[in-house]
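Colleague: Here the sequence shown stands for residues 1 to 335, numbered as in my numbering.
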Amino acid sequence: MTRPDAGRGLEGSLEALWYGHSPLAWLLLPLSWLFGLAVWCRRLAYRSGWFGVQRLSVPVIVVGNLTIGGTGKTPVTGWLVEFCRAAGYRPGIVSRGYGGRVSGEPRLVAPGDDAREVGDEPLLLRRQTGAPVCVHRDRVAAGQRLIADGVNLIIADDGLQHYRLDRDMEIAVLDGERRLGNGFLLPAGPLREPGRRLRDVDLVLVNGGLAGPHEFVLEVCISGLRAFDGNGQCALEALRGQRVRAVAGIGNPARFHAQLASAGLQVLPVPVPDHGRVDLAALSRESDVPIIMTEKDAVKYQKIVGCPVWVAQLEVRLPPEVGARVLERLRSLGS
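(1) Quick one: using the 10 Å Cβ neighbour count with 16 as the cut-off for buried, is Arg139 buried or exposed?
(2) Helix, strand or coil for Asp120, going by three-state DSSP, please let me know.
(3) What does DSSP give as the partner residue(s) for Thr67 in the beta ladder?
(4) So who's on the other strand from Asp157, going by DSSP bridges?
(5) At 4 residues or longer, what runs of the alpha helix (DSSP H) sit wholly inside the segment 259–301?
(6) Report yes if the C-beta distance between Trp310 and Arg245 is below 8 Å; otherwise report no.
(7) First and last residue of the beta strand (DSSP E) that includes Phe228?
(8) Enumerated in chain order, which unbroken segments of the beta strand (DSSP E) with a length of 3 residues or greater are wholly contained in the segment 77–121?
(9) Considering only DSSP beta bridges, list what Phe216 is partnered with.
(10) Please classify Gly100 as buried or exposed, where buried requires at least 16 other C-beta atoms within 10 Å of its C-beta.
(11) Classify Asp200 as helix, strand or coil using the three-state DSSP reduction.
(12) Give the C-beta separation of Glu177 and Gly209 to the nearest angstrom, bearing in mind that I take them to be a contact with Cβ-Cβ under 8 Å.
(13) For the segment 289–307 against the segment 144–162, do three or more pairs of beta-carbon atoms, one drawn from each stretch, fall closer than 8 Å, so that the two count as touching?
(14) Can you tell me where the alpha helix (DSSP H) holding Cys134 begins and where it ends?
(15) Would you mind stating whether Ile155 and Thr74 have Cβ atoms separated by less than 8 Å?
(16) With DSSP as the reference, identify every bridge partner of Gln54, one or two as the case may be.
(17) Alpha carbon to alpha carbon, what distance is there between Leu203 and Met169?
(18) Give every residue of the same chain whose Cβ lies closer than 8 Å to the Cβ of Arg167, excluding the five residues on either side of it in the sequence, and list them in chain order.
(19) DSSP state of Gln242, grouped into three classes?
(20) In whole angstroms, give me the CA-to-CA distance for Leu123 and Ala115.
(21) According to the neighbour-count rule (16 or more other Cβ atoms, all chains shown, within 10 Å of its Cβ), is His136 buried or exposed?
(22) Would you please state the rounded distance, in angstroms, between the beta carbons of Arg329 and Tyr163? I believe it to be under 8 Å.
(23) So who's on the other strand from Glu170, going by DSSP bridges?
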């Protein structure tokens with residue numbers, strides 16, 4: 001079991017460093033320069049053909065971001081699956097399966113899998129969309145496995161930096177409030193690649209906050225609550241004025257807390273590190289205050305007894321032009 005206070009405490013320190021004005025960031029800049037040199041050399045190696053880039057036999061759309069932590073990539077991936085399926089495609093998802101323990105051959109995710117084996121996001125996407133999901137550190141191998149099963153469109157979740165997989169479209173998701181933080185590369189800042197990398201992608205989606213030129217606003221809203229045990233649903237407004245404990249083992253739990261608070265709930269945050277777990281049985285014994293958790297957290301638990309547990313259901317809203325651009329690119333490929 002993860003020690004949530006220690007894990008979230010470390011993440012809080014990093015957020016203060018990366019998204020604040022800490023002088024420590026300047027002390028770490030030499031390490032960031034070395035990291036930046038490594039990033040530049042790696043990308044040059046792929047562009048120059050020194051490292052192999054492999055093209056799959058079907059179109060590939062990559063969803064990713066430049067920063068460490070959550071920006072809303074997984075909801076966008078789920079939206080893409082539903083949108084492209086409605087347009088007549090048979091999409092499949094490839095993922096690294098961060099936090100899982102998959103090794104050897106590419107693994108197809110089943111709805112009943114354990115998140116500790118296949119990763120939180122792949123299991124969530126499999127259950128939500130019903131689309132085939134394949135997990136492997138080599139997304140090319142994962143994509144080939146899906147194509148063999150009849151998939152005609154690959155969507156790579158968190159694959160922006162996986163340059164071995166050639167892609168036909170890149171979508172970057174940006175946190176509209178935190179943006180690129182202090183603008184420094186790791187470890188002085190949150191960036192995995194320089195900010196100018198955004199100029200190369202096809203679409204920039206801004207989750208919350210204001211979109212800049214050539215960016216599109218992404219809204220990820222809580223549309224309602226479902227009981228964890230499947231027995232019932234509830235409107236978020238029905239809990240207005242009540243105290244609730246918020247379990248959010250995601251990259252930016254503050255956004256989740258703010259959404260609950262804006263609906264009039266009295267939020268008691270439960271510290272959980274990203275991809276971490278808490279002892280829900282112990283929480284139930286401590287109090288009968290209801291628990292509201294994210295869908296990403298819900299897939300980590302098989303059974304919960306004790307106090308009421310609700311799962312926040314999300315709705316993704318994007319401007320029509322985003323879907324139009326996706327279809328335009330796919331149709332230009334003759335697919």
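Ideal Cβ positions, reconstructed from N, Cα and C, are used throughout, including at glycine.
Modeller: The short version:
(1) buried
(2) helix
(3) Leu191
(4) Val63
(5) 280–286 and 295–298
(6) no
(7) Note, Phe228: premise wrong, no beta strand (DSSP E); not H, not E.
(8) 91–95
(9) Leu205
(10) buried
(11) helix
(12) 5 Å
(13) no
(14) Note, Cys134: premise wrong, no alpha helix (DSSP H); beta strand (DSSP E) at Val133 to Val135.
(15) no
(16) Leu165
(17) 8 Å
(18) Val60, Ile61, Val62, Ala156 and Gly159
(19) coil
(20) 6 Å
(21) buried
(22) No, Arg329 and Tyr163 are not in contact; Cβ-Cβ is about 19 Å, not under 8 Å.
(23) Val62
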